[in-house]
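S.K.: Residue numbering for the sequence shown is 0 to 497, as defined by numbering that gives the first Met the number 0.
For glycine and all other residues, C-beta sits at the position ideal for the given N, C-alpha and C.
None of these values were measured; they are calculated from a predicted model.
Next up is a structure, given as structure tokens.
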Amino acid sequence: MEFRLKGSFKCSKDVSEVFDGIEAVFADANKTVLTKGAPHGEGASSRLLGIESGRVEFEIKSGRYVRAHDALLRLKKALSAYLGKEHHIGVRGVEVDAFTVKIPSDEPPKPMKIPFVREISYNAGMINLELELSLKELEDRVPDRIIRLIEEKIAKKDFGGKSEHWELLTESEPKKRIFNKDPTEEMIKRRWLIHGAVRGQWIHGIQITRIFRAFERIVVDEILKPLGYAEMIFPKVVGWDVWKRSGHLKGVYPEIYYVSPPQSRDPELWEDVINYYRVTQEVPIDMIRERMGDPIGGLCYAQCPPFWPFLQGQTIANESVPVRVFDRSGTSHRYESGGIHGIERVDEFHRIEILWLGTPDQVVKQSKALQERYKKIFDEILELEWRSAWVTPWFMAQEGMSGLSEKGEVGTIDYEAILPYNETWLEFQNLSVNGDKYPKGFNVKLQSGEELWSGCSGVGLERWAAAFLAQKGLDQENWPDRFSAIVGDVEEGAVRLV
Ligand code: ATP
Ligand code: ZN
Ligand code: MG
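Structure, rendered in structure tokens:
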């Protein structure tokens with residue numbers, strides 16, 4: 000990586016008389032502050048280009064260690080100290096005339112728009128960025144974020160376009176195949192459910208609801224009660240600040256269902272809309288859009304982020320860890336676009352979210368305890384053909400967390416079940432140890448001063464049902480006895496149509 004920055008310091012008075020003194024500051028800085036922290040010979044170097052009354056023009060070149068924009072701030076400090084002390088002159092501002100960054104990449108970048116980047120080009124294995132920014136952005140570390148963003152895009156490509164690295168952990172015995180149809184199709188035929196009025200949504204009839212509730216009872220009785228989890232109710236509209244802190248705003252935009260309140264609840268504002276609808280019986284979407292406020296956030300996407308403001312800025316007492324809670328109070332929503340399929344990929348789904356916090360050791364232990372109990376449920380109650388895999392999302396591989404991930408501590412386990420009707424594996428739940436990501440993002444600490452970690456696991460009820468019914472079919476007599484007993488008569492109370 001190479002940086003080249005040309006600019007000038009603006010001083011409060013004419014400094015052309017002290018050229019030699021200023022030149023000496025630059026020469027000294029090159030040997031001291033501009034190399035501090037860098038391997039030998041890898042620091043930044045500055046050059047005084049000229050002085051015109053109060054303007055000190057300079058150039059800085061650097062590699063990745065003391066980046067030119069950091070070097071500039073260090074140089075400014077050194078110059079201010081010298082001019083202030085020796086001549087009672089202040090450095091009032093900085094102008095950046097040209098700032099280019101070269102980042103190695105095997106491929107040219109695709110065209111994109113990034114704030115403060117005037118031009119992006121590619122030449123001889125290097126992406127060239129021309130930045131256009133002021134002192135404020137340099138102080139706010141904007142260049143580092145631009146570089147980070149580009150590096151992530153390169154890394155993502157190098158990750159082979161895959162969103163994660165997949166490694167088998169455990170695998171059940173193969174099970175005898177007794178059903179080979181798409182369970183959603185079969186459920187529609189029996190009217191266990193029908194499509195809802197909006198995309199990616201189902202109206203769940205008595206039978207499938209009874210199955211969901213049976214899954215919930217299993218999770219409560221076999222996992223949550225024995226492991227000491229207590230229920231909470233997390234909000235289901237999630238504000239920007241929460242997603243900012245949880246990291247979701249780094250990329251989740253294409254899948255959010257956005258939430259906007261009305262601009263006002265003044266009936267006057269809405270009278271035209273009401274009149275239009277009353278007269279035409281048509282919904283005036285344009286008129287409604289004009290009266291909507293800005294989005295305040297979106298509907299629940301991942302279930303745990305809206306829990307965290309509960310502890311934000313707080314210190315947890317030693318006796319309260321590991322904190323163990325769960326939420327099953329509402330739906331999650333994702334815009335899955337053309338990907339929606341059956342009940343397994345929907346825009347509106349139901350999930351139990353299990354969340355735990357504690358010392359790293361406690362959090363890893365909880366994860367192991369949950370894994371054991373999940374295995375028992377899948378093997379002994381649902382009798383599924385399933386497997387689990389250790390997945391490292393590419394961004395984690397990026398965030399220097401791959402070390403922890405390789406140790407099998409921080410990262411995600413996906414649970415997958417075979418769908419015999421199309422011979423694909425479906426992720427039906429996951430379990431993550433998130434390290435200090437959330438406690439850091441929401442500024443939560445532990446009384447003892449030890450590191451605080453967290454983990455979470457999302458049990459997708461639609462996905463459990465899709466996996467179970469695809470393998471076992473809809474006829475209750477073919478279901479495993481233990482599960483059948485927990486469900487009771489699946490058809491009891493069903494509405495018959497004529
Ligand atoms: P996929 O790769 O299948 O889209 P994901 O990686 O997006 O899954 P996560 O973000 O890990 O899923 O969500 C956790 C759990 O939430 C999943 O294991 C699944 O049970 C459930 N889930 C996620 N998206 C959907 C959806 N569109 N429909 C139903 N359940 C879902
Ligand atoms: Zn979560
Ligand atoms: Mg997804």
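1) Could you compute how far the alpha carbon of Ile-412 sits from the alpha carbon of Glu-379?
2) Are the segment 284-293 and the segment 417-430 in contact at 8 Å, needing three or more beta carbon pairs?
3) Within 10 angstroms of the Cβ of Ala-388, are there 16 or more other Cβ atoms? Answer buried if so, exposed if not.
4) The ligand ZN and Gly-457: does any heavy atom of the ligand fall closer than 8 Å to the residue's C-beta?
5) Is the distance from the Cβ of Leu-71 to the Cβ of Cys-10 below 9 Å?
6) Assuming the contact rule is C-beta atoms closer than 8 Å, Val-17 and His-87 should be a hit. Round their C-beta distance to whole Å, please.
7) Determine the closest residue to Trp-165 out of Leu-445, Gly-454, Arg-386 and Glu-490, with distance taken between C-alpha atoms.
8) As an exercise, report each continuous beta strand (DSSP E) stretch of at least 3 residues that is fully enclosed by the segment 419-494, in chain order.
9) Where do the ends of the beta strand (DSSP E) carrying Asp-326 lie?
10) Can we count Phe-427 as close to the ligand ATP, meaning its CB is less than 8 Å from some heavy atom?
11) Going straight from the alpha carbon of Gly-238 to that of Tyr-437, what length do you get?
12) State the start and end residues of the unbroken alpha helix (DSSP H) segment that holds Arg-209.
13) Buried or exposed for His-39, please, with buried defined as at least 16 other CB atoms from any protein chain shown within 10 angstroms of its CB.
14) Considering only residues of the same chain and omitting the five flanking positions on each side of Gly-492, which have a CB-CB separation below 7 Å?
15) Rounded to the nearest angstrom, what separates Glu-449 and Gly-459 at their Cα positions?
16) Which same chain residues end up closer than 8 Å to Val-116 when comparing Cβ atoms and leaving out the 5 residues on each side of it in sequence?
17) What are the boundary residues of the beta strand (DSSP E) that includes Leu-48?
18) Figure out for me which residue from Gly-434, Lys-188 and Lys-30 has the closest Cα to the Cα of Thr-358.
19) Tell me which residues share the same chain as Ala-464 and place their Cβ nearer than 8 Å to its Cβ, disregarding the 5 neighbours each side in the sequence.
20) Do you know whose CA, among Lys-5, Gly-246, Lys-84 and Leu-223, lies nearest Ser-133's CA?
21) Is it buried or exposed, Ser-336, if we count other Cβ atoms within 10 angstroms and call 16 or more buried?
22) Give a yes or no on contact between the segment 474-483 and the segment 364-383, applying the rule of three or more CB pairs nearer than 8 Å.
23) Check whether the Cβ atoms of Ala-26 and Val-65 lie closer than 9 Å to each other.
24) At which residues does the beta strand (DSSP E) containing Tyr-121 begin and terminate?
25) What alpha helix (DSSP H) runs, 4 residues minimum, are completely inside the segment 53-88?
26) Please state whether DSSP places Leu-132 in a helix, a strand or coil.
M.R.: Considering the structure as presented:
1) Rounded to whole angstroms, Ile-412 to Glu-379 spans 20 Å at the Cα level.
2) Result no; under three Cβ-Cβ pairs closer than 8 Å.
3) Buried is the call here.
4) Under cutoff, so the answer is yes.
5) Going by beta carbons, Leu-71 and Cys-10 fall outside the 9 Å limit.
6) Between His-87 and Val-17 the Cβ distance is about 12 Å, and since that is not below 8 Å, they are no contact.
7) Selected option, being the one with the closest Cα: Arg-386.
8) Considered as a whole, the segment 419-494 harbours 423-434 and 452-459 as its complete beta strand (DSSP E) runs of no fewer than 3 residues, in chain order.
9) That run of the beta strand (DSSP E) goes 322-326.
10) True, at least one ligand heavy atom lies under 8 Å from that Cβ.
11) Straight-line Cα distance between these residues: approximately 16 Å.
12) Looking at the DSSP string, the run of the alpha helix (DSSP H) that includes Arg-209 is 205-218.
13) Looking at its Cβ environment, which holds fewer than 16 other Cβ atoms inside 10 Å, His-39 is exposed.
14) Excluding positions up to five away in sequence, the list reads Ile-205.
15) If you draw a straight line from the Cα of Glu-449 to the Cα of Gly-459, it is about 33 Å long.
16) Answer for Val-116: Leu-128, Glu-129, Leu-130, Glu-131 and Ile-145, listed in chain order.
17) Looking at the DSSP string, the run of the beta strand (DSSP E) that includes Leu-48 is 44-51.
18) With respect to the C-alpha of Thr-358, the residue from Gly-434, Lys-188 and Lys-30 having the closest C-alpha is Gly-434.
19) Around Ala-464: Pro-182, Ile-207, Ile-210, Phe-211, Phe-214 and Ile-342.
20) Looking only at Lys-5, Gly-246, Lys-84 and Leu-223, the smallest Cα-Cα distance to Ser-133 is reached by Lys-5.
21) With fewer than 16 neighbouring CB atoms inside 10 Å of its own CB, Ser-336 falls in the exposed class.
22) With contact defined as three or more Cβ pairs closer than 8 Å, the segment 474-483 and the segment 364-383 are in contact.
23) No. Outside cutoff.
24) First-last of the beta strand (DSSP E) with Tyr-121: 116-122.
25) For the segment 53-88, the continuous alpha helix (DSSP H) assignments of 4+ residues that do not extend past its boundaries occur at 67-86, in sequence order.
26) In this structure, Leu-132 counts as coil in the three-state DSSP scheme.
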